[in-house]
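The opening residue of the sequence shown carries number 1 in the UniProt record's numbering; numbering runs sequentially from there. Heads up, the thing below is written out as structure tokens.
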Amino acid sequence: FNGAGAELNDTKVIKANPTSGLSLILFVDAYTTKRDLSNHLPYNRFDPTSGQSGIRAVIHSPKIRPMPFEKGFDIPTGFSTSVALKETKRKLMTEPHGNCTTAEFNEGTNYAYSEDTCLEQCKQDILMDDCGCMSSMLPTPYSELKPQYCGKVNITNMYLMMFHKDDETTLAIAEKELETLDCEAKVMESLGDPEVLNKCKCKEPCVNTNYVKTISQAVWPSDYNQKRFFIESINMSDPTHRATKLFEGLGLDNITEGEKEMIQKNFLRFNVYFESLQVETTSQVEDYPASTLISEIGGNMGFFVGISIITLMEMLTLTGAIILYCFKDLIIKCGQSNKTKVSDVNNKQV
């Protein structure tokens, strides 16, 4: 679970139902009535994933590099979220019929090969060539000599630039550091151009596994199970545990609405299971293989030429009969002429 290259010994699933899958209860520590956290939690109105309470999950093939921002989905607190999976496989043909790759890993990594990771690595290489720095949003390059991050700046220089604007030397140093950020923004924007990405020459894997997800949600824990959930999951013996400290003093006999709200806004349940153990496989095959071509040629030859010696002899016999029929008058005349000549010769001898 969530470990690239991890040795997982018991990974067989024998049943397709929620009890045979993965079930997690997560404490996100996102809400409390004791203090106001609105000024401490980050929010970016330009980020569609910012300002929400819960977690972001991604389900991917084993050993594939996860990409939660691009391919993940959100799971809110106060709900039991169930994800039913159906495995699908896509098999492509290698050269000369196709243009896929059989590479086992992405270059310089222990991650199983994926086209998405290849493109991310290519973007990082383009950024390093153009700006001399690397982005924290892309995979770390596998080369030993790694440049610094584009967003890394000297805080002292930034402070001097803000409060000592008359110092030209300080301004020049600070502006040079900010140039990498501007360069990163321009390059990242240009990477959306398909012509730029075509230079990466990243190929699809010949065998690709995906999971079709069916997501459902229900309010959790219900009002009638708040007390039992608290006793079994929150009321822990470790006084240093964050959840224990947060709910310290919560009354078991009569849980208030505010305390129920704290439970629902800080906990979630996440269930992942297979809805079917069948794997849907789509395979790419030759449209007209050599064996089919030979078979078609043999069939056509059998149709036009014949399939037996008897048929050939019958055709020859029929042809001869037609020739005799067409020239029978000539043959008869030739026979009568020969008889006349023979009679004349005999008469002369007598």
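Using N, Cα and C, we set each Cβ at its ideal position, and we do this for glycine too.
- Per the coordinates, the alpha-carbon of ARG65 lies some 31 Å from the alpha-carbon of TRP220.
- 8 Å or more divides the Cβ of PHE73 from the Cβ of ALA84.
- VAL13 sits in coil when the DSSP states are folded into three classes, being neither helix nor strand.
- Bounds of the alpha helix (DSSP H) holding THR117 are 115-131.
- Per DSSP, GLU195 is not a residue of any beta strand (DSSP E); the alpha helix (DSSP H) it occupies stretches across 194-198.
- Here the alpha carbons of ARG90 and TYR288 stand approximately 20 Å from one another.
- Judged by pairs of C-beta atoms under 8 Å, the segment 129-139 does not touch the segment 205-219, as fewer than three such pairs exist.
- DSSP, reduced to helix, strand and coil, places PHE229 within a helical segment of the structure shown.
- Annotation: PHE105 to LYS203 spans about 13 Å, alpha carbon to alpha carbon.
- With 16 or more neighbouring CB atoms inside 10 Å of its own CB, ILE263 falls in the buried class.
- Linking MET67 to THR102 through their CA atoms gives a straight-line distance of about 21 Å.
- For the pair PHE229 and GLU261, the Cα-to-Cα distance works out to about 13 Å.
- For the 8 Å CB-CB criterion, ALA16 and ASN266 do not form a contact.
- Shown here, GLN217 sits in a strand according to DSSP, grouped into three states.
- With distances taken between CA atoms, SER23 lies nearest to ARG269 out of PHE46, ARG269, SER135, CYS100.
- For PHE105, there is no enclosing alpha helix (DSSP H), as DSSP marks it with neither H nor E.
- Boundaries of the alpha helix (DSSP H) around PRO68: 68-71.
- Distance check between LEU26 and each of TYR273, ILE234, THR319 places ILE234 closest, using alpha-carbon atoms only.
- Checking the DSSP bridge columns, you'll see GLY54 partnered with PRO76.
- If you draw a straight line from the Cα of PHE46 to the Cα of LYS71, it is about 19 Å long.
- Here the alpha carbons of ASN300 and LEU293 stand approximately 11 Å from one another.
- Looking at the DSSP output, ILE59 shares a beta bridge with no other residue.
- Residue environment for HIS97: exposed (fewer than 16 other C-beta atoms within 10 angstroms of its C-beta).
- The beta-bridge partner set that DSSP reports for ALA112 consists of ILE64, PHE105.
- For MET93, the closest alpha carbon among the candidates GLY320, GLN284, LEU277 is that of GLN284.
- Excluding the 5 residues flanking it on each side, TYR43 has same chain C-beta neighbours closer than 8 Å at SER50, GLY51, in chain order.
- DSSP places ILE263 inside the alpha helix (DSSP H), whose first and last residues are 257-266.
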